[in-house]
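Q: Take a look at the following structure, please.
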């Protein structure tokens, strides 16, 4: 249904939630997994994906069975934040207003305004990040993979099964957002579904991805589904092949109750201070020091 229902529920275009599906008699089919050759679940302990339909497969480590495949470009740190920290963080987030978003989600955006089609960047009303979240960014420096990570955008995302929340398969834009896609899962155990990308490198501005990822090596990517568990309090980083050659999504059926995560993005190299367009990013970098 190609209609703008943003004033009704936040959805527009083909995006839907339970509320608008009921109001407008929209039928939303489940994500079609039949076109893939198998389903695997990633284990953060052995850094492999094991053939399984059990999203808790990683809990069986080291007693996996069956086939496994390498799945490079994933880093998971369990218990990145403690339960007490999760509780305190949620108190801080819920003291701030939530905005309605598409597909039954709510969000809190802290970062620049980006027009991915016109490749335009502006500060908008971005003035810094919530002070209650500062310890998360400070803790990135304790992770080798994130020691030089400079947060440009921080987004709180809320999913709720009562609203039929989900997010469709996509790759984060490659013109402005850098190689590391960072998620801290605050509350609600969830699963990130990965499916191979089979289209051109013009979509998602993939042509701007760093070598060799801007040239799709589709023959190297197996035609399977990979599920990545995201327990409460965990840190997930996608980079390399997982970041550029696979789309990620969260189907409605994988949301149980309320799930809240924090998503973090960095600039691509051209927008770093020493990059070709570093001057355009300076006015954003001036604001990221404020909490």
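Numbering (our numbering), first residue to last: 30 to 320.
Backbone N, C-alpha and C fix where the C-beta goes; we use that ideal spot for every residue, glycine too.
#1: Can you name the start and end residues of the alpha helix (DSSP H) that residue 287 belongs to?
#2: Could you check whether residue 175 and residue 211 sit closer than 8 Å to each other, using their CB atoms as the reference points?
#3: Short of 6 Å in beta carbon distance, which residues of its chain neighbour residue 264, apart from the five on each side in sequence? Order them along the chain.
#4: So what does DSSP say about residue 41, is it helix, strand or coil?
#5: Give me the Cβ distance between residue 153 and residue 316, rounded to the nearest whole Å; I'm assuming they're in contact under 8 Å.
#6: For residue 97, which residues in the same chain have their Cβ closer than 6 Å to its Cβ, ignoring the five residues on either side in sequence?
#7: Going straight from the alpha carbon of residue 304 to that of residue 90, what length do you get?
#8: For the candidate residues 113, 84 and 65, whose alpha-carbon lies nearest to that of residue 73?
#9: Between the beta-carbon of residue 81 and the beta-carbon of residue 71, is there less than 8 Å?
#10: Rounded to the nearest angstrom, what separates residue 179 and residue 297 at their Cα positions?
#11: Please classify residue 291: is it buried, with 16 or more other beta-carbons within 10 angstroms of its beta-carbon, or exposed?
#12: With a cut-off of 8 Å on the beta carbons, I'd call residue 195 and residue 281 a contact; round off their distance for me.
#13: Taking 8 Å as the cut-off, does the stretch 254 to 261 touch the stretch 143 to 151 (at least 3 CB pairs, one atom from each stretch)?
#14: Less than 8 Å between the C-beta atoms of residue 101 and residue 271, yes or no?
#15: How is residue 34 classed by DSSP in three states: helix, strand or coil?
#16: Using the three-state DSSP reduction, which class does residue 234 fall into: helix, strand or coil?
#17: Return the Cβ separation of residue 234 and residue 202 in integer angstroms, given the expectation that the two are a contact with Cβ distance under 8 Å.
#18: Between which two residues does the alpha helix (DSSP H) holding residue 164 run?
#19: So, is residue 221 buried or exposed, given that buried needs 16 or more other C-beta atoms within 10 angstroms?
#20: Which word fits residue 219, buried or exposed, when buried means at least 16 other C-beta atoms lie within 10 angstroms of its C-beta?
#21: Report the start-end ranges of each beta strand (DSSP E) in the stretch 142 to 196 that is 3 residues or longer and not cut off at the edges.
#22: Spatial neighbours of residue 245 within its chain, please: C-beta separation below 6 Å, excluding the five flanking residues on both sides.
#23: Quick check on residue 225 - is its C-beta less than 8 Å from some C-beta in chain D?
#24: According to DSSP, is residue 261 helix, strand or coil?
#25: When the Cα of residue 250 is compared with those of 223, 266 and 44, which residue comes out closest?
#26: Roughly how many angstroms separate the alpha carbons of residue 312 and residue 302, rounded to a whole number?
#27: Counting C-beta neighbours from all protein chains within 10 Å, is the total for residue 285 16 or more, i.e. buried, or is it exposed?
A: Reading from the atomic positions:
#1: No alpha helix (DSSP H) contains residue 287, which is instead part of the beta strand (DSSP E) from 287 to 294.
#2: yes
#3: 106, 109 and 213
#4: strand
#5: Contact flag wrong, Cβ pair sits at about 10 Å.
#6: By the criterion of a C-beta distance shorter than 6 Å, residue 97 is surrounded in its chain by 77 and 79, once the five residues flanking it on both sides are discounted.
#7: Between the alpha carbons of residue 304 and residue 90 lies a distance of about 43 Å.
#8: 84
#9: no
#10: Between residue 179 and residue 297, the C-alpha separation is close to 11 Å.
#11: buried
#12: 4 Å
#13: no
#14: For residue 101 and residue 271, yes; Cβs fall inside 8 Å.
#15: strand
#16: helix
#17: 5 Å
#18: Per DSSP, residue 164 is one residue of the alpha helix (DSSP H) stretching across 163 to 168.
#19: buried
#20: Under this definition residue 219 is a buried residue.
#21: With a minimum length of 3 residues, the continuous beta strand (DSSP E) runs that stay inside the stretch 142 to 196 are 142 to 144, 149 to 151 and 182 to 189.
#22: 230
#23: The question asks about chain D, but that chain is absent: this structure has only one protein chain.
#24: coil
#25: 223
#26: 11 Å
#27: exposed
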